[in-house]
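Contents: one structure, followed by commentary.
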Amino acid sequence: MINIGIIGLGNMGLGHCVGFDRLLDCKVLAIADPNENQLHMMQKGFRKSTPQTFTDYKDLLDNSEIHAVVIATPTYFHTQIAIEALEANKDVFLEKPIAPTIEETDLIIKAYANTNRILQVGLVYRYSNLYRTMAHLIEKGTFGNVMMAYCKEYRDNFPSPWFFDETQSGGALLDKNCHHFDLFSWFIRSPPKQVYAMGGQHVYKPGHRIQCAYSSHQGESLDEPNIVDHANVLIEYENGAKGNLGLCMYEIEPIEGLEIGIMGDNGAWALAKKDNKLIIAGGPVEKIREIPVDYYSDNERVGHIGCQTERREFLNCVKNRTQPYANLLIAREACVISFAAEQSIKRGSTVSISEFNNPEIEAIFQKLGYEKQPATPLTFSLEEKKIKSRKKRELKVKERELKRELDKIQEEIQNL
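This is the structure in structure tokens:
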């Protein structure tokens, strides 16, 4: 049984509490958040776990019975907590992005290099059946070489005030779009070379109120928001491929939603819409057809697509001491594209990815043996579903046996 500690009980932390609590071979042993109301509320939401509660995460890290921690705090707390967790000999699930700056990102990587721990970054799309299906099609050569990728992220805005402060969140293109830049890298399979971006504030200016469908801060006024609420980002890759991202974060429900597309040099293309539909066509594929995808087993309706597979694979890494698919090398590249895009908007010019090169970090990744483009793993969530189903059947049999025994006892009592 792996004992988990969860630090931070905002939207992401609450999701991790529910998600890990539902998995086999895992127990949420402790939760930490400075807000006592959040702690008390979450304590009632567990099915099998009865976690200790702490208002100071350091007390959670001091608990020697905890094997691994989930860090789901606001981004500006990531660096200190992640380094302290590694020093406390804990395996770490670190929500994306790694940190709000490249300097802090590299501090975490250096701290990790001095341990024998597991560190997985919460790039949840890497664990979704939808995007793994796209990646497998790419690996089979369905699209030839993917030479163009695009993302339309048209949606409502962030749920909490801290997101609107770039010093705390790292900016909209880091916090929101590192996911999508990671998808580009995954699908194009070539290092990014340079980035050009335009963006600004159309709506979310000082005094504007938060409008987000899942926000507990709905209607709160923003004092000095300094992040973009819209942007267009163009990325050129070493092999000549292009990635194009459009962001708008001031739509109000019902929102347009996410769209991801890829185009191959053999004329084939694919389109993923709203995380629940995959269409391919063109070139050798010919007719437009929808690809069947299991949209349930990777999340079991407890959160974002891929979230339960992400958690299962983290537990698997902890048990087997294997490196996660969403490792620090992959996550750093996604963050670097984000940092470059943010800088491009500020400068009004193209930013070279080489500005973020760090020989010390590259040497660390080489020593760790990380692959830049590891093969896409098959999800094993369906196997766990079979195990869970078998366990349910066994419990049903046991329940019937106990009922028969209880009936016999009651019959004997009546005959006395």
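Residues in the sequence shown are numbered from 1131 upward in steps of one, following the numbering used here.
Beta carbons: idealized from backbone N, C-alpha and C, even for Gly.
Paired residues, beta bridge with residue i - DSSP
i     : result
E1283 : L1377, L1388
S1482 : Q1324
R1339 : S1351
P1364 : Before going further, note that residue 1364 is Leu rather than Pro in the sequence given. According to DSSP, which records beta bridges pairwise, L1364 is partnered with Y1326, N1374.
I1544 : It is worth fixing the name first, because residue 1544 is Gln in this sequence and not Ile. Its beta-bridge partners do not exist; DSSP assigns none.
E1416 : G1412
M1278 : K1372, M1393
V1199 : G1135, V1222
F1184 : A1162
Whole-number beta carbon distance between residue j and residue i, since they are thought to touch under 8 Å
i     : j     : result
I1558 : P1384 : Here the chain has residues from 1131 to 1546 only, and residue 1558 is not among them.
P1227 : L1304 : 5 Å
Y1206 : P1230 : 6 Å
W1399 : G1387 : That belief does not hold up - the Cβ atoms of W1399 and G1387 are roughly 19 Å apart, past 8 Å.
A1361 : M1328 : 7 Å
T1506 : H1266 : 6 Å
I1136 : T1263 : Between T1263 and I1136 the Cβ distance is about 30 Å, and since that is not below 8 Å, they are no contact.
I1491 : D1236 : 5 Å
C1147 : G1175 : 7 Å
L1139 : N1165 : 7 Å
F1469 : I1232 : 5 Å
M1142 : E1225 : 5 Å
V1448 : I1132 : 6 Å
Residue environment, residue i, which counts as buried when at least 16 other CB atoms sit within 10 Å
i     : result
D1405 : buried
V1527 : exposed
N1246 : exposed
N1429 : buried
G1330 : exposed
P1489 : exposed
A1493 : exposed
H1208 : buried
N1457 : buried
N1307 : buried
D1312 : buried
Q1544 : exposed
N1167 : exposed
Q1343 : Going by the sequence as given, residue 1343 is Ala instead of Gln. The residue is exposed, with fewer than 16 neighbouring Cβ atoms inside 10 Å.
E1283 : buried
E1513 : Only weak support exists for where E1513 lies, its pLDDT of 45 falling under 50; the value from the coordinates is given anyway. Classification of E1513: exposed, given that the 10 Å Cβ count is below 16.
P1355 : buried
I1539 : exposed
Q1250 : buried
R1442 : buried
Three-state secondary structure assigned by DSSP to residue i
i     : result
G1143 : helix
G1301 : coil
E1443 : helix
K1098 : In the structure as shown, the chain begins at 1131 and stops at 1546. Residue 1098 is therefore absent and cannot be evaluated.
F1176 : coil
I1435 : coil
I1137 : strand
G1149 : helix
A1162 : strand
L1586 : Nothing about residue 1586 can be reported from this structure: the residues present for the chain run from 1131 to 1546 only.
L1154 : coil
D1221 : strand
I1132 : strand
A1400 : strand
S1511 : Any answer about S1511 is weak, because its pLDDT of 42 lies below 50 and its placement is not dependable; what the coordinates show is given next. Three-state result, S1511: helix.
I1073 : Residue 1073 cannot be examined here, being either before or after the span of the chain that is shown, 1131 to 1546.
Q1473 : helix
A1229 : coil
K1306 : coil
Y1206 : helix
I1421 : coil
C1500 : Per the sequence presented here, residue 1500 reads as Tyr, with Cys not at that position. Y1500 falls in the coil class under three-state DSSP.
N1167 : helix
I1357 : coil
T1506 : coil
Y1255 : helix
S1468 : helix
D1121 : As shown, the chain starts at 1131 and ends at 1546. That puts residue 1121 outside it, with no answer to give.
E1529 : helix
D1236 : helix
Any non-hydrogen atom of the ligand HEM closer than 8 Å to residue i Cβ
i     : result
A1461 : Among the components modelled here there is no ligand, and therefore nothing to report on the ligand HEM.
Worksheet entry | Sufficient close CB pairs (3 or more, under 8 Å) joining the segment 1451 to 1466 to the segment 1144 to 1153 | no
Discussion item. Closer than 8 Å is the cut-off here; do at least three beta carbon pairs connect the segment 1429 to 1439 with the segment 1254 to 1269?
Written reply: yes
Discussion item. With three or more C-beta pairs closer than 8 Å as the rule, is the segment 1270 to 1278 touching the segment 1335 to 1347?
Written reply: no
Fill in: Inter-stretch contact at 8 Å, needing at least 3 Cβ pairs: the segment 1211 to 1219 / the segment 1184 to 1199
yes
Item to complete: Give a yes or no on contact between the segment 1157 to 1170 and the segment 1180 to 1194, applying the rule of three or more CB pairs nearer than 8 Å.
Response: yes
Worksheet item: With a cut-off of 8 Å, do at least 3 Cβ pairs link the segment 1408 to 1419 to the segment 1365 to 1382?
Response: no
Discussion item. Taking contact to mean 3 or more Cβ pairs, one atom from each stretch, closer than 8 Å, check whether the segment 1498 to 1505 and the segment 1346 to 1358 are in contact.
Written reply: no
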